[in-house]
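To start, the structure under review is shown below, and the notes come after it.
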C-alpha cells in the first residue's frame, strides 16, 4: 500500500496505514520489531479506530502486525533464503506450477512474503 503522505511522522503514517487496513476489513496490532507490543499479541488485533488511534497516535512508533490465518483470512508463505527458502520455493513451483498473481513483500532478513 503506497503511503500518500511520506512527510508525516512515522507513527502518523502507521496510524493511517492501520486505519486503511481496518477500512478494508483487516485487523492489526502494534509490534516492536517482530515482537507484539500488546499483552496478548495478535489476539489483541482490532478494527476499532479508537483503539488504533491509541496504539499509533502517540510517539512510540510501533510497526504494524497483521494476523494471518482465520482472523483476517490471509495465508502467507515466508521464503527465507538464509534457511534454504529459495530452493524450497523452486521445488514447490516445479511440483505445483507458478503462483497466481499475488502480493509479495520483502522481509527485513532479505526474504519474501507471498500473500
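Residue numbers (our numbering): 2 to 116.
Just so it is clear, CB atoms sit at the ideal spot from N, CA and C, and this is done for glycine as well.
message: Using C-beta distances below 7 Å, list every residue in its chain close to residue 28, excluding the 5 sequence neighbours before and after it, in chain order.
response: As a position in the chain shown, residue 28 is number 27, starting the count at 1. Contacts found: 46, 47, 48, 68, 72, 73.
query: Can you tell me where the beta strand (DSSP E) with residue 52 in it begins and where it stops?
result: Numbered from its first residue, the chain shown carries residue 52 at position 51. Careful: residue 52 lies outside any beta strand (DSSP E), inside the alpha helix (DSSP H) at 50-57.
query: According to DSSP, what are the bridge partners of residue 36?
result: The residue labelled residue 36 in the question sits at position 35 within the chain shown. In DSSP, residue 36 forms a bridge with 33.
Three CB pairs or more closer than 8 Å across the segment 48-58 and the segment 92-100: no
- prompt: For residue 5, does the three-state DSSP call read helix, strand or coil?
  reply: For this step, residue 5 is matched to residue 4 along the chain shown. Note that residue 5 scores 49 on pLDDT, short of 50, meaning its location in the model is unreliable and no value can be drawn from it.
- prompt: Thinking C-alpha only, which one of 16, 55, 34, 24 is nearest residue 110?
  reply: By one-based count along the chain shown, residue 110 stands at place 109. When each option's Cα is compared against that of residue 110, the closest is 34.
- prompt: Given a threshold of 16 other Cβ atoms within 10 Å of its Cβ, counted over all protein chains shown, does residue 166 qualify as buried or as exposed?
  reply: In the structure displayed, the chain extends from 2 to 116; residue 166 sits before or after that span and is not available.
task: Measure how close the beta-carbons of residue 105 and residue 65 come, nearest whole angstrom, since I'm counting them as under 8 Å.
output: As a working note, residue 105 is residue 104 in the chain shown. As a working note, residue 65 is residue 64 in the chain shown. Not quite, the Cβ-Cβ distance comes to about 18 Å (not below 8 Å), so this is no contact.
query: Roughly how many angstroms separate the alpha carbons of residue 77 and residue 88, rounded to a whole number?
result: By one-based count along the chain shown, residue 77 stands at place 76. By one-based count along the chain shown, residue 88 stands at place 87. Cα-Cα distance, rounded: 17 Å.
message: Checking 8 Å against the spacing of the C-beta atoms, do residue 84 and residue 57 come in under that value?
response: For the purposes of this step, residue 84 is identified with residue 83 of the chain shown, where counting begins at 1. For the purposes of this step, residue 57 is identified with residue 56 of the chain shown, where counting begins at 1. No, they are not a contact pair.
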